Each structure stands twice: as structure tokens, then as C-alpha cells.
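Number 345 marks the last residue of the sequence shown (full-length UniProt numbering); no jumps.
Here a beta-carbon is modelled for each residue, glycine too, at the ideal position from N, C-alpha and C.
These numbers were taken from a predicted model, which means no experiment stands behind them.
For reference, the structure is listed below as C-alpha cells.
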Amino acid sequence: MGGAAGPLPGVPPPDLAAVCVTGATGYIGSWLVRSLLRRGYPVHAASRDLRKAEQLRDSAWGGAASQRLKLFRAIMEEEGSYDEAVEGCVCVFHVAASMQFSVPPDAADQDGYVRRQVLQPAVEGTLNVMLSCRRADSVKRVVLTSSISTATARNSSGGWNPLVDESSLVSVDSIWKEKPPGWAYALSKVMTEEAALRFAGESGMELVAVVPTTVAGPFLTPEVPVSLRVLLSPITKEPLLYPILLAVNSRMGSISLVHIEDLVEAQIFLMEAAVAEGRYICSGGSCSMDTLAELLSSEYPPRLTELGFRFTHGVKEVVRETVACCVRVGFLRNPEAVCSSSSQE
């Protein structure tokens, strides 16, 4: 996805067309608000926590651009809560979402808990946002932030698909059955996207879904975003998050990443592109778990290296000298002798 393809037909130019961002105080939402303000858009930033929104306004969204910023308190679970926030906006970026990954270990009925505490609020909350958009005559398009948790590289028999694209959807039944790490979050993203797409189709509303892979890069929020904590779990060893990273690798065959700035640029691009429709995977690239571990190690060295010590032998040299010594003392047979004897047989 590249630069903007021009405004939507009939939509005022950016200096007049207001847009709304739900979940504005989260990792993605906070960057999206900042990028939109810098482009000249008036922004309605909606959050359940106005105190956080005010802090971000002063620390990350400030300057002259903040004159085009309006803050709204809105709670997804309350129908009509977003009516005021979306009024007068041509596009709504629906970013707000539940970030509950796991189920309390003491929950006697895990399925029931997830249905009541995770799925019902997530789906009803998204539909409440969509209802507010429908009531506002000004809204021309909704850009929904989904997740790579809705996709899989595996086919129904457990093998690998040759290509992962927007149609590579994970099965809801398989999530319920297998309950992989982070399954509550994955279910909420799958079911909220399905509900939003169904609502849009029935009401004739334009909806575009952005499907980001693991989002990383700098953050504006006071707390470290969950996606970064998952990505850094090989270093931090957070016991609840590292299994989620392994589950992503198991489902996708690699770890795909997208920089936060590329993601928000893609979201704005999809608002402005006249022909955008359906789902769009947003990924800047992928790597194996081994490569990710190497990259993390190179950027976050062990304490010994941090203290100033420098290793002179890399992995290849360690292996080469180990094998050579073992051959020399007779623990391993000389590979040249092995090849010679094999050729004579």
C-alpha cells in the first residue's frame, strides 16, 4: 500500500472532513490520531478513559494540530455511546477492542466465561459503534482494525497452504476445540469482524477491514502495548505471552510484523482510496522464530556483552573448532577417511 489515492467521491477535502477514531488511547489508535492530525484532518478521538486521552493530547497530539482535535468519552458496551463522537464524521476508524488473551485459571466453565465476558461485549460493542455510524448520515465508510489472529496458513487437514491471503480464515470451530494460547482474543477478533461485515452488508454501509500482523515499533502510550510484550517475550520470558508467540508461529509458519507507522498509513490509505473494499492483510514482512531470536539477541545483548565483554568466536566457528578437535582426538571419525572408505566399498 502506498500513498493516498485521493479522497472518497463526494467527501470534502481533508481540511474540512472530520474523522473519528475509537480506541484512541491504545497503541494503534494513538498513532492513528497523531497521523491524521498531521495530515490536516479534524479528529474526534473516542475513548472510555478521557484522562488518558487528555494526557496523550498534551504529550503526543499537541501543538497547533490539537486545535482540530475533539475528545469524546464513549463506552462500547453502551448503545448510543458513540453517537456524539461519530456525528459529522465522514469516516470512522474502529480500533477499540478487547485485549483479553487468556481465561482465569479458576473459571469453572471456560467456554461460558469467554462467551459472557469476552465475546458478547466485543461483538455487541462493535455493533453499537456500527449503529452509531448508521444513525450519523455523515459517515461514508468504516475502517475496521481486525487481526492476523483471524488468519491461518494451515488447511483443514493440518497441512500448509501454499499462499496466505485475505481468504485464509481460521475456523471458529477449530479455535473452540483446540483452545490455543490467546484463544479468547482470537475468537473475539474473528467474531467481531464477522458481525461488522454482516451488519455492513445488511445496511449497505461501506466497511473495509485492515488485518495487521504483529504490530511493533515505537509507542506513544504510557504503558508498553501487549503486541510488543508478545514480540519481546523471548527476552522478558513472560509466561502468559511467550506461548502466544509460539502459537502464532505454529498457525502461520513464521512471525509476520508490521511497523506501527506503516499500519496507520495503510488505514488512512484505505479511507481515502475510492475502490477499497473487503479485507486487506497489512504485513511488512516475516521471519522464522530462529531469525527473530537472533534479531532480538543482536539488539538486546546479554548482560556480559552489555558490561563490555566482546565474543571473538561466532556460532559457525564454535561448531567448526568443536568438530575439528573431536576428530583430532578420535571421538569423531575423520570425514575425509569416512568419504574415502565409502567410495572404496
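| Asked | Found |
| --- | --- |
| Could you tell me the distance, in whole angstroms, from the CA atom of Ser232 to the CA atom of Val19? | With the sequence shown as reference, residue 232 is identified as Leu, and Ser is not the correct amino acid for it. Between Leu232 and Val19, the C-alpha separation is close to 33 Å. |
| Report the CB separation of Val190 from Gln267 in whole angstroms; it is logged as a contact under 8 Å. | Not confirmed; about 20 Å, so no contact. |
| Do you know how far the Cα of Lys52 is from the Cα of Leu220? | 11 Å |
| For Ala17, does the count of other Cβ atoms within 10 angstroms reach 16, so buried, or fall short, so exposed? | buried |
| From Gly3 to Ala186, what distance separates their C-alpha atoms? | Confidence at Gly3 is low in this model, with a pLDDT of 37, below 50, so its placement is unreliable and the value that follows should be read with caution. When rounded, the distance between both Cα atoms is 30 Å. |
| Based on Cα-Cα distance, which residue from Tyr242, Arg48, Thr25 and Tyr41 lies nearest to Ser57? | It should be noted that the sequence gives Arg, not Ser, for residue 57. Arg57 has its Cα closest to that of Thr25, out of Tyr242, Arg48, Thr25 and Tyr41. |
| Out of curiosity, what's the CA-to-CA distance linking Ala155 and Ala108? | Checking the displayed sequence, the identity of residue 155 turns out to be Asn instead of Ala. Straight-line Cα distance between these residues: approximately 32 Å. |
| I'd like to know if the region 123-135 and the region 166-179 are in contact, where contact means that at least 3 CB-CB pairs between them fall below 8 Å. | no |
| From Cys89 to Arg198, what distance separates their C-alpha atoms? | 22 Å |
| DSSP on Lys237, reduced to helix/strand/coil? | coil |
| Provide the residue(s) that pair with Lys70 in DSSP beta bridges, ordered along the chain. | His44 |
| On the three-state DSSP scale, how would you describe Thr152? | coil |
| Do you know whose CA, among Gly253, Glu206 and Glu193, lies nearest Arg141's CA? | Glu206 |
| Leu295 to Ser81, Cα distance in whole Å? | 44 Å |
| Going along the chain, which residues of its own chain have a beta-carbon closer than 8 Å to the beta-carbon of Asp83, five neighbours each way excluded? | Ser132, Arg135 and Ala136 |
| Below 8 Å on the Cβ atoms is my guess for His44 versus Lys70; work out the distance and round it to an integer in Å. | 5 Å |
| Tell me whether Gly284 sits in a helix, a strand or coil according to DSSP, three-state version. | coil |
| Can you tell me which of Ser47, Ser35 and Ser66 puts its alpha carbon nearest to the alpha carbon of Thr22? | Ser47 |
| What is the rounded straight-line gap between the Cα of Gln117 and the Cα of Ser102? | 11 Å |
| Could you check where the beta strand (DSSP E) with Trp141 kicks off and where it finishes? | The sequence given here places Arg at residue 141; Trp does not occur at that position. From DSSP, the beta strand (DSSP E) with Arg141 extends over Arg141 to Thr145. |
| Should Ile235 go down as buried or exposed, given a rule of 16 or more other Cβ atoms within 10 Å for buried? | exposed |
| If you compare alpha carbons, which of Gly217, Pro222 and Lys237 is closest to Leu228? | Gly217 |
| Using CA atoms only, rank isn't needed, just tell me which of Pro239, Ala324, Thr214 and Val318 is closest to Leu292. | Thr214 |
| To the nearest angstrom, how far is the alpha carbon of Ser254 from that of Leu119? | 27 Å |
| Which first and last residues belong to the beta strand (DSSP E) in which Pro212 is found? | Glu206 to Pro212 |
| Go through its chain and collect everything with a Cβ distance to Ser256's Cβ below 6 Å, but skip five positions before and after it. | Thr213, Ser283 and Ser286 |
| With DSSP as the reference, label Phe93 as helix, strand or coil. | strand |
| Should Glu317 go down as buried or exposed, given a rule of 16 or more other Cβ atoms within 10 Å for buried? | exposed |
| Using the beta-carbon count (16 or more within 10 Å), is Leu169 buried or exposed? | exposed |
| For Tyr300, does the count of other Cβ atoms within 10 angstroms reach 16, so buried, or fall short, so exposed? | exposed |
| Hey, out of Gln110, Ser146 and Asp49, whose CA is closest to Met76's CA? | Asp49 |
| To the nearest angstrom, report how far apart Ala247 and Glu223 are at their CA atoms. | 24 Å |
| Could you spell out where the alpha helix (DSSP H) holding Ser298 opens and where it closes? | Met289 to Glu299 |
| Smallest Cα separation from Ser171: which of Thr150, Gly159, Ser188 and Trp160? | Thr150 |
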